[in-house]
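Chains as they are written, first to last, in numbering that gives the first Met the number 0: chain A, 0 to 177; chain B, 0 to 177.
2 protein chains.
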Amino acid sequence: MPDQSFNHTLISTIQNLGVEKTISKGDFLLREGEVERNVYYISSGAVRVFLLSEHEELTIRFGYEGSIINSLASFIKGTPSEFYIEAIRKTTLRIIDKAAFKELVNSSPENLQQYADLMELLVTQQIDREIDLLTVSPSQRLKRVLDRSPNLFQQVPLKYIASYLRMTPETLSRVRNS
Amino acid sequence: MPDQSFNHTLISTIQNLGVEKTISKGDFLLREGEVERNVYYISSGAVRVFLLSEHEELTIRFGYEGSIINSLASFIKGTPSEFYIEAIRKTTLRIIDKAAFKELVNSSPENLQQYADLMELLVTQQIDREIDLLTVSPSQRLKRVLDRSPNLFQQVPLKYIASYLRMTPETLSRVRNS
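Below is the structure:
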């Protein structure tokens, strides 16, 4: 996740579950080592998921208004999260716990099918991300991401996009303007 | 995929579907630009999935005996594959076409649940792979992969493991022996 192209009723139902919370820029939804027990639906604002690797913060995912996000591997496997989730703006979200989410998914064959569809979408997004990371050219990396997320620069500060693209902010500014 | 930790009945059923075929080392199951219409169950042998990027072959996945594999994003979305799939040894496999696979998945709620479980597993494997690619230290990259696939060197020639790990064969030999 992010998941802007997934408009199934599963997502619209999720919006009405759980509890609403508003957090400030810089607040954390989850820290490395904690087990992810929730799915977050972003009503407004934006969050980023990042990995702390050798004292460097590596941003790997964004969650925007209208999308769902969490630390997915930790959520699925029940293992400690390798990632942090931090609000990059003031963000209002719905917090849906795992039991409520599972109950929704298992409440009908249609919902289970939509959950399988969602997992398929996430796999294909991860494969896109894998190809991104293997793409040497900075301009090609930027092009691939903008093809998928044309409004990225309207949603997310440049420094986090640069981290996501594995380039310096200076390189990103240069390739963006060339 | 590869998928060695997934022992659901969906996989054992797949073994009995489709047509059997034996291919030689160097033969291709799929080439870049073709649409993936099959799932492959590896009865014996091994295959690799690779991306051709700026004239360099980047190996991104292996399929071993007892696992299923294909060009997944192409299979799901019906878009041209960005990857090649090549036998790295003489390989016997079952080829299951999309219609037969979908029929199996949709034939019972249990099978659909197992398919959703499989997609969950693949998402978590992709997230592991993403962290691999973001890990700077070659020895840490090797350790991460061996923790998941302890028998990798028994299954796959060193040059392909080196490509998968984004290091030269010389570096891989060095970090493996240190």
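Yeah, the Cβ is synthetic: ideal placement off N, Cα and C, and Gly gets one too.
- The Cβ neighbour count for residue 129/A, taken over all protein chains shown within 10 Å, is at least 16; the residue is labelled buried.
- Scanning its chain for C-beta atoms nearer than 8 Å, with the 5 sequence neighbours on each side dropped, one finds around residue 67/A the residues 0, 2, 10, 13, 38, 39, 40 and 41, in chain order.
- Fewer than three pairs of CB atoms, one per stretch, sit closer than 8 Å, so the segment 43 to 62 of chain A makes no contact with the segment 95 to 104 of chain A.
- When 21/A, 63/A, 15/A and 36/A are compared, the shortest CA-CA separation from residue 149/A is found for 63/A.
- In the DSSP assignment, residue 50/A falls within the beta strand (DSSP E) that extends over 45 to 52.
- For residue 26/A, the secondary structure class from DSSP, reduced to helix, strand or coil, is coil.
- Interface criterion met: the Cβ of residue 125/A is under 9 Å from a Cβ in chain B.
- Straight through space, the alpha carbons of residue 110/A and residue 166/B are spaced by roughly 43 Å.
- The beta carbons of residue 116/B and residue 147/B sit no closer together than 9 Å.
- About 5 Å separates the beta carbon of residue 85/B from that of residue 27/B, a gap short enough to meet the 8 Å contact definition.
- Listed along chain B are 115, 118, 119 and 122, each with a C-beta nearer than 7 Å to that of residue 118/A.
- Judged by DSSP in its simplified three-state form, residue 82/A adopts coil rather than helix or strand.
- Collapsing the DSSP output to three states places residue 60/B in a strand.
- Beta-carbon to beta-carbon, residue 122/A and residue 125/B are separated by about 6 Å, close enough to satisfy the 8 Å threshold.
- For the 9 Å CB-CB criterion, residue 151/A and residue 172/A do not form a contact.
- For residue 47/B, the closest Cβ of chain A is not nearer than 9 Å.
- Within chain A, the residues 52 have their CB atoms less than 7 Å from the CB of residue 134/B, given in chain order.
- Take residue 168/B, set aside five residues on each side of it, and the residues of its chain with a beta-carbon closer than 8 Å to its own are 157, 158 and 161, in chain order.
- Residues of the same chain with a CB within less than 6 Å of the CB of residue 60/A, apart from the 5 flanking positions on each side, are 48 in chain order.
- By DSSP's assignment, residue 19/B forms a beta bridge with 93/B.
- Within chain B, the residues 123 have their CB atoms less than 8 Å from the CB of residue 76/A, given in chain order.
- Per DSSP, the continuous alpha helix (DSSP H) segment holding residue 13/B begins and ends at 8 to 13.
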